[in-house]
Every structure is written in structure tokens, then in C-alpha cells.
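Sequential numbering from 3 applies to the sequence shown in this note's numbering. We put the beta carbon where it would ideally sit given N, CA and C, even for glycine. Quantities reported herein were computed from a predicted structural model and do not represent experimental measurements. Read the structure below first, then the notes.
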Amino acid sequence: MFTKLQSFLTSPEPNKDTGQAAAQPELQSLDRRTRRPTNATVSSESTVSSDFNTPFEQQQQQQQRVLSRRELRQLVAHRLPDIQRLSRLHPVSKVLQQTEWDCGLANVCMILRSFGLATCTVLQLEHDVQTQSVWTIDLAFLLHKHLPDHADFTYYTTCVGVNPQHANNEFYSMEIDEDFSRVIALFSKARVERLVQIVEVKISLLDLKRFLVHRQYVALLLVDSRCLECVDCEQRQQQAKGRHKRSLSEMPRRGHRGVLGWLTRRRISNAGFIGHYVLLIAYIPSLDMFVYRDPAIPEEFCLASASVIDSARSCPGTDHDCIIVKL
Numbered sequence: 003m004f005t006k007l008q009s010f011l012t013s014p015e016p017n018k019d020t021g022q023a024a025a026q027p028e029l030q031s032l033d034r035r036t037r038r039p040t041n042a043t044v045s046s047e048s049t050v051s052s053d054f055n056t057p058f059e060q061q062q063q064q065q066q067r068v069l070s071r072r073e074l075r076q077l078v079a080h081r082l083p084d085i086q087r088l089s090r091l092h093p094v095s096k097v098l099q100q101t102e103w104d105c106g107l108a109n110v111c112m113i114l115r116s117f118g119l120a121t122c123t124v125l126q127l128e129h130d131v132q133t134q135s136v137w138t139i140d141l142a143f144l145l146h147k148h149l150p151d152h153a154d155f156t157y158y159t160t161c162v163g164v165n166p167q168h169a170n171n172e173f174y175s176m177e178i179d180e181d182f183s184r185v186i187a188l189f190s191k192a193r194v195e196r197l198v199q200i201v202e203v204k205i206s207l208l209d210l211k212r213f214l215v216h217r218q219y220v221a222l223l224l225v226d227s228r229c230l231e232c233v234d235c236e237q238r239q240q241q242a243k244g245r246h247k248r249s250l251s252e253m254p255r256r257g258h259r260g261v262l263g264w265l266t267r268r269r270i271s272n273a274g275f276i277g278h279y280v281l282l283i284a285y286i287p288s289l290d291m292f293v294y295r296d297p298a299i300p301e302e303f304c305l306a307s308a309s310v311i312d313s314a315r316s317c318p319g320t321d322h323d324c325i326i327v328k329l
């Protein structure tokens, strides 16, 4: 099964009809659970709504012409009511992070609530993880601990363990020595006891689109927050500027407020990598954009081009970390 999964992800032309999904855990005691194969598949043909009435590959070919910024704004504005409806009806609802470090926990909380754990809170997950230096492997173990037996998820990364290059990254350098033993132990436990399925590969952008196009999966991504550009936030900023006749310098950067304001200030003062977790909930082929939940801002959803998401998840420091969860 693992061989088929890796073949699906790394093949230059994945099968148009089926692709093996992530593994599924058996619900036993916490320390003895193992993961078993699943028969779930991903279709490359879009049949969800009228927005997905063209074969996936054909829609991808139609995206070859790059839209101008003005054309893109007009197209997004026209489609915004549909996107808002998609966000409202999606089973994964928004959860805000509480501090500058718990964005990953907020994303896990969103996922767990979609599985019926309505009382799950970020504070409860903080108690479980028992650290403020949260790595993606910590989030994978939280999902393993709390998801029901039918849950299906896989952790993709280009570095199983601790990337030695992170020692020179200011974002990691202060905690990496303290975290090293704990993180290595978690990866080892996941492998030996088969508690979490980890695939050492960068999931391609095309495969990421195929997972998200049906809205039957979500993708928890580690990104460089400096690279995120929400089209909807920028449009709101422009509209606010027109109403109040303010200059761009008087407006919040990209419409971000709250915790992301802290991240924005760090962007200005620090040119280095700033790790942040977001949750992709849908892909819209006609726009070539992803819809995602950002726990750092109050808006219900954000909208970014596939190229922006790909750039943000590929920055040095991310290891292309991605957890795909089947809803």
C-alpha cells in the first residue's frame, strides 16, 4: 500500500481515476494503535458543483494564460458569493489561535471539531502537547491521539527528523537544542510503533490540488507567513481605502489584524523565515486558487493563488511539511 501511495504522489502523470489515500488508524489503546491501509480514493474529475464541471486536467490547461491583477480582482469579486457559501457550508469551521505560537494547535482543533469533538479547545490541546515549541510531528501525534478509528491522515515531509540546516535559521535556533531529543524520539516512535504514517516526499502542487478539489480532504500546511497573500484581504483593504480615502500606509498590511498583526510586525523587523500553520479546505480550478483557514485573523476564510501557496510552503524552514486528512 505504501508503495502505491508513493507512486501516486511522485509519478509525473498520476492516474486520472484513482490515487491511494492516506493510511487509517485502528482505535486501540493509545500506545498500541497501528495504522492500516484504506480503500479511499481520490478522483481527478471534478463533480462537486457547477464550478467543477470541467475535467480537472482541462481546467489546469486553461490556467496557462496568466490573468492580470485587475482581471483577477474582477473574477474573484464575481465569484465571492459562491466562495463565501462554500466556506459557510464546509464541515471545518474557523478556530482562532490564542497566542503567537499556537497556530498549529488551532488548526488541529478545527479538524477535530469537524469529526464531532465539538468541545475541543486550543487550551486542551496545549495541555496535551506540553510545549510552546510545536513541530508538525507534535500535531500529527495530537491527531493520532484524538481522531476516531475511521480517520485517515498522512504526514508528508522532505525531512524525517530534525533538519540540520534549521540550526542556522533564526526562527528555530533558540529552541532547536532543547527540542532535538523530543522531536527525534517522536519520529522514532511513529516509525517503530506505526502510530503515524509518515511519507518522506514533497507532495506535488498538482496532487495537493487533487486532494482539495473535492472538499473531501483538508491539508494542514507549514508555510512562511511572509509569503502569504490573501486576495480577499487585499480587496477588503482596497474597499476600505476607497470608503475612508486613506492612503495605503494608513491601512493594516493586507487587512491582517490580531495575532497576525504580531506576525506582520515581525516581517518588518525580521527578514528571516516566520513559520505559520494554515489549513487548506478547498481548491477552485476556475480561479486556480486555494481557500484556507488562517487561525491568526478573524476572517472566516482566505483566498490565495496556487502559486502563492506553493511558494509559501516551499520556503527554507518548512521542509514541505503537510498533513493530509480525509474528512
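For L281, the residue or residues it bridges with in DSSP:
L222, R295
Return the CA-CA distance between I186 and D179, expressed in angstroms with no decimal places.
11 Å
Distance check for R87 and V194, CA to CA, integer angstroms please.
Rounded to the nearest angstrom, the two C-alpha atoms are 44 Å apart.
For L141, count the other beta carbons within 10 Å of its own beta carbon; 16 or more makes it buried, fewer makes it exposed. Which is it?
buried
Going by the CB atoms, is the gap between Y158 and D323 shorter than 9 Å?
yes
Classification of D290 by the beta-carbon crowding that lies within 10 angstroms, buried from 16 upward
Looking at its Cβ environment, which holds 16 or more other Cβ atoms inside 10 Å, D290 is buried.
Name the residue from Q126, P287, N171, C122 whose alpha carbon lies nearest to the alpha carbon of L207.
P287
Out of V293, V310, A298, I85, which has the shortest C-alpha to C-alpha gap to W103?
A298
Does the beta-carbon of L145 have 16 or more other beta-carbons within 10 angstroms, so that it is buried, or is it exposed?
buried
Report the rounded CA-to-CA distance for N171 versus G319, giving the unit in angstroms.
Going by C-alpha positions, N171 is about 7 Å away from G319.
Is it buried or exposed for S190, if we count other Cβ within 10 angstroms and need 16 for buried?
exposed
So, under 8 Å CB-CB, V233 and L305 are touching, yes? Tell me the CB distance rounded to an integer number of Å.
5 Å
Which word fits S334, buried or exposed, when buried means at least 16 other C-beta atoms lie within 10 angstroms of its C-beta?
Because the chain is modelled from 3 through 329, residue 334 falls outside the range shown and cannot be assessed.
Identity of the residue in T133, G118, M176 nearest H152 by Cα
G118
Going by beta carbon distance, what residues of the same chain come within less than 6 Å of D19, once the five residues before and after it are set aside?
Reliability fails at D19, whose pLDDT of 47 lies under 50, so the model's placement of it is uncertain and the value that follows must be treated cautiously. Nothing meets the Cβ criterion.
Candidates S227, A192, R81: closest to V278 by CA position:
It is worth fixing the name first, because residue 278 is His in this sequence and not Val. For H278, the nearest C-alpha among the options comes from S227.
Give, in chain order, every unbroken run of the beta strand (DSSP E) that is at least 3 residues long and sits entirely within the stretch 172-227.
200-202, 219-226
For Q90 and R81, I'd like the C-alpha separation in whole angstroms.
It is worth fixing the name first, because residue 90 is Arg in this sequence and not Gln. One C-alpha to the other measures close to 15 Å.
Checking 9 Å against the spacing of the C-beta atoms, do T138 and D321 come in under that value?
yes
T138 (DSSP reduced to helix, strand or coil)
Here T138 sits in helix by DSSP.
For C105, name the three-state secondary structure that DSSP assigns.
Taken through DSSP and simplified to helix, strand or coil, C105 comes out as helix.
Distance, S309 Cα to C161 Cα
22 Å
For Q76, count neighbouring C-beta atoms within 10 Å of its own C-beta (all shown protein chains included) and say buried if the count is 16 or more, exposed if not.
exposed
Would I311 and L223 be called neighbours here (beta carbons separated by less than 9 Å)?
yes
Might you give, ordered along the chain, the residues of its own chain that have their beta carbon closer than 7 Å to the beta carbon of A339, omitting 5 neighbours on each side?
Since the first residue shown for the chain is 3 and the last is 329, residue 339 is missing from the structure and cannot be characterised.
Can you give me the C-alpha to C-alpha distance between V198 and S135, rounded to a whole angstrom?
Approximately 20 Å, taken between the alpha carbons.
Ignore the nearest five residues each way along the sequence and tell me which others in C105's own chain have a CB closer than 7 Å to its CB.
Q99, H278, Y279, P297, A298
D130 to N109, Cα distance in whole Å?
15 Å
Quick one: grab the DSSP three-state call for I276.
coil
Mind checking L114: buried by the 16 CB within 10 Å criterion, or exposed?
Flag for L114 reads buried.
Report all residues from its chain with a CB closer than 7 Å to the CB of Q218; omit the five preceding and five following residues, and keep chain order.
Sequence-distant partners of Q218 (beyond 5 residues in either direction) whose C-beta falls short of 7 Å from its own C-beta, in its chain, are K328, L329.
Please return the same chain residues whose Cβ sits closer than 8 Å to the Cβ of C122, not counting the five positions on each side in sequence.
C111, L114, R115, H148
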